[in-house]
Amino acid sequence: MKKKNSLIHFISLGLIILLILSGCAPSPDENDSSNPASNENTAADNNKTNEVENNYSEEPNADEVIPEEPAIVSNVPENNRHVFLEGMEALSNEPVQIEIPTDDGRTIQGYYYPGLYNPGPILVLMHWAGGDMHDWDVIAPWLQNRGVEPLRYGNDSPWWNPTWFPELPEWASFGVIVFNFGEFGLKESDRDTWVLDAKAAVDFATQLEEASPDQITTMGASIGSDGSPDGCYLHQLDDTSIGTCLGAFSFSPGNYLKNVDNFNFTYAETIEGLVMNPDAEKVAYCLAAKEDYDSPDTCLGAIQDKEEFDRYKVFLYPGGAHGMRLVEPDQFPIEPELQKTSLEIYLMFLEDVYQIELDE
11 MKKKNSLIHF
21 ISLGLIILLI
31 LSGCAPSPDE
41 NDSSNPASNE
51 NTAADNNKTN
61 EVENNYSEEP
71 NADEVIPEEP
81 AIVSNVPENN
91 RHVFLEGMEA
101 LSNEPVQIEI
111 PTDDGRTIQG
121 YYYPGLYNPG
131 PILVLMHWAG
141 GDMHDWDVIA
151 PWLQNRGVEP
161 LRYGNDSPWW
171 NPTWFPELPE
181 WASFGVIVFN
191 FGEFGLKESD
201 RDTWVLDAKA
211 AVDFATQLEE
221 ASPDQITTMG
231 ASIGSDGSPD
241 GCYLHQLDDT
251 SIGTCLGAFS
261 FSPGNYLKNV
271 DNFNFTYAET
281 IEGLVMNPDA
291 EKVAYCLAAK
301 EDYDSPDTCL
311 GAIQDKEEFD
321 RYKVFLYPGG
331 AHGMRLVEPD
341 QFPIEPELQK
351 TSLEIYLMFL
361 EDVYQIELDE
């Protein structure tokens, strides 16, 4: 009887041990590589882990466009970078023939010398009655400063000889527009339209895709010296115009342009409209020889209180040289007395207009 009871106890103990061991064994669903459900759950858990890790190590999308600040030309002094700022790729340096539409439906001919900067400042040059736009054929590439050979050298006049021109810093480059008043160089031109031609050239300059439309200036000789401020001022008065003409430079003005339509301003009135406007703050320079007919009085007649409005400056020369004949290396103003050539004074004007320094 005792043996039978011992056997029963032994069997019972064995069953208990087997039950305990079976409870500790893993479930057939757990860690079973042959179970698809188990594999999906494991893969999902691994993916979640990878997603978290990728949030910290993800590389930038190669197609994503990251905006950049405009690149600055490295050799431009910091105080000049507001004008000479590198943007889009510059155009070819070769002069381009252009056709400029006028407000009265005509078309005038010209050349455009692209500057290095795109967008960049544009200078509009206006010829005298003694010639045509080709009188600027040497001065234009000098201001463009991109190594372009002049279209022609003309005669032995000083403005055709660049050897005495002031040297520009290598980083200084302006876009330049020259044009013919009416049909100068082809046939007799009509003085009635010259004012409109001057305005059209300024309008055209502001609309160039590669122009900084608020950085336009004008320069002219004789009839162009009146057209220079006239074009600038008419552009300012036109409500449909874009951009800004910042200033006008004149060699020997004399109220030569005939008034058209409602434009009845003298040189003096035009200058006052440009310079004395407190919202505009334009700059104007006037050069004339003291014995050159009406030119000195025309310069002096604009803005009587020149000390208050120092944005208008007058330079008087000895003798009677007119227009382009003031562009020569051995003439210097005597009022005020200044040992600077007319082209050096023109660079002073550009410094005043653009608030830059060209004399390194």
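Mapping of the sequence shown onto the numbering used here: position 139 corresponds to residue 149, and the numbering continues sequentially without gaps. Built from N, CA and C at the ideal position, the CB exists for glycine as well.
Within a 10 Å sphere around the beta-carbon of Arg-321 sit 16 or more other beta-carbons, which makes this residue buried. The beta carbons of Val-106 and Tyr-127 sit no closer together than 9 angstroms. Between Phe-94 and Gly-141, the C-beta gap is not smaller than 9 angstroms, which leaves the two residues out of contact.
Per DSSP, the beta-bridge partners of Pro-111 are Thr-117.
In the DSSP secondary-structure assignment, Ile-132 is bridged to Gly-185 and Ile-226. Straight across, the Cα-Cα distance linking Pro-343 with Pro-328 is about 7 angstroms. Between Ala-215 and Asn-90, the CB-CB gap reaches or exceeds 9 angstroms. Rounded to the nearest angstrom, the Cβ distance from Leu-326 to Lys-300 is 5 angstroms, consistent with a contact under 8 angstroms. Measuring C-alpha to C-alpha distances from Tyr-303 to each of Ala-331, Asp-147, Gln-154 and Glu-279 identifies Ala-331 as the nearest.
Taking every protein chain shown into account, the CB of Ile-252 has fewer than 16 other CB atoms within 10 angstroms, so this residue is exposed.
DSSP places Lys-268 in the coil class of the three-state scheme, outside both helix and strand. Contact check for Leu-353 and Glu-361: beta-carbon distance about 13 angstroms, past the 8 angstroms limit, so the pair fails to qualify. Residue range 233-247 is occupied by the alpha helix (DSSP H) that includes Gly-234, with no beta strand (DSSP E) assigned at that position. In the structure shown, the three-state DSSP call for Leu-153 is helix. Exposure of Pro-346 is indicated by the presence of fewer than 16 other C-beta atoms within 10 angstroms of its C-beta. Glu-282 sits buried, since 16 or more C-beta atoms from the chains shown fall within 10 Å of its C-beta. Going by C-alpha positions, Thr-227 is about 28 angstroms away from Asp-166.
The beta-carbon separation of Ile-110 and Gly-192, rounded to 12 angstroms, does not stay under the 8 angstroms limit for a contact. The DSSP assignment places complete alpha helix (DSSP H) segments of no fewer than 4 residues inside the segment 291-368 at 305-310 and 352-364, in order along the chain. Within a 10 Å sphere around the beta-carbon of Lys-209 sit 16 or more other beta-carbons, which makes this residue buried.
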